[in-house]
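The block underneath contains the structure these notes are about, expressed in structure tokens.
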Amino acid sequence: METEQVLARLRGLGRRLTRQRSLVVEAILAGERPQSAEGIYQRCREKDRGISYPTIYRTLEMLVEAEVVRKLHFGGSKYWYEAAWQREHHHHLVCLECGAKEPIMVCPRELIAREAQRNQFKVLDHQFEILGICKDCQGR
Ligand SMILES: [Zn+2]
Ligand SMILES: [Zn+2]
Numbered sequence: 004m005e006t007e008q009v010l011a012r013l014r015g016l017g018r019r020l021t022r023q024r025s026l027v028v029e030a031i032l033a034g035e036r037p038q039s040a041e042g043i044y045q046r047c048r049e050k051d052r053g054i055s056y057p058t059i060y061r062t063l064e065m066l067v068e069a070e071v072v073r074k075l076h077f078g079g080s081k082y083w084y085e086a087a088w089q090r091e092h093h094h095h096l097v098c099l100e101c102g103a104k105e106p107i108m109v110c111p112r113e114l115i116a117r118e119a120q121r122n123q124f125k126v127l128d129h130q131f132e133i134l135g136i137c138k139d140c141q142g143r
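Taken in order, the sequence shown gives residues 4 to 143; the numbers are from the working numbering.
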């Protein structure tokens with residue numbers, strides 16, 4: 004999905020789009036891997052020195068709500084953001100040493116569905132990440 008399509012979708016949801024909000028969308032599209040709010044802020048600041056951190060944060064929350072961005076938690080106090088439309092549903096191998104986040108396409112969704120059904124639980128979404136040490140860091 005291109006920036007224009009994302010913006011069109013947001014417009015369809017009745018979201019007001021300022022130029023600064025468009026910059027946030029562009030910053031997320033420019034990054035392949037999940038990015039922190041600080042990382043997105045830095046990218047946006049390269050284009051617009053006047054953009055503030057609260058604007059970035061509010062925009063990210065709005066994009067998450069509109070389901071065009073996924074908010075991920077890899078432990079710790081930070082959240083990470085990635086475009087919901089960029090890839091198929093996936094999870095990540097997260098290195099606890101260097102922070103590398105490698106997407107993996109496997110997902111035990113059938114197991115999850117079976118357990119949920121047993122508990123008469125309606126699944127809307129699920130999140131989990133696999134924590135460990137990457138190949139590079141194992142050699143250190
Ligand atoms: Zn590593
Ligand atoms: Zn999954």
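Quick reminder that beta carbons are idealized off the backbone N, C-alpha and C, glycines included.
Per-residue DSSP class, three states only, for residue i
{"i": "R73", "result": "strand"}
{"i": "L114", "result": "helix"}
{"i": "L63", "result": "helix"}
{"i": "P57", "result": "helix"}
{"i": "I133", "result": "strand"}
{"i": "C101", "result": "coil"}
Burial state of residue i, where buried means 16 or more other Cβ atoms lie within 10 Å
{"i": "H95", "result": "buried"}
{"i": "P37", "result": "buried"}
{"i": "K104", "result": "buried"}
{"i": "R143", "result": "exposed"}
{"i": "I31", "result": "buried"}
{"i": "C101", "result": "exposed"}
{"i": "E113", "result": "exposed"}
{"i": "R46", "result": "buried"}
{"i": "I43", "result": "buried"}
{"i": "V28", "result": "buried"}
Closer than 7 Å: residue i CB and nearest ligand 2 heavy atom
{"i": "R24", "result": "no"}
{"i": "H129", "result": "yes"}
{"i": "H95", "result": "no"}
{"i": "C110", "result": "yes"}
{"i": "H92", "result": "yes"}
Nearest-angstrom beta carbon gap, residue j and residue i [assumed within contact, 8 Å]
{"i": "R14", "j": "L20", "result": "6 Å"}
{"i": "A87", "j": "V71", "result": "6 Å"}
{"i": "W83", "j": "S39", "result": "6 Å"}
{"i": "I115", "j": "H93", "result": "Rounded, the Cβ-Cβ distance is 15 Å, inconsistent with contact."}
Residue-chain proximity (residue i, chain D), Cβ-Cβ < 8 Å
{"i": "C98", "result": "Annotation note: the requested chain D is absent from the structure, which comprises a single protein chain."}
Residue i CB to nearest heavy atom of ligand 1 below 7 Å
{"i": "E132", "result": "no"}
{"i": "I136", "result": "yes"}
{"i": "D139", "result": "yes"}
{"i": "C47", "result": "no"}
Worksheet item: Is the number of C-beta pairs between the stretch 50-57 and the stretch 66-77 that are closer than 8 Å three or more?
Response: No, they do not touch.
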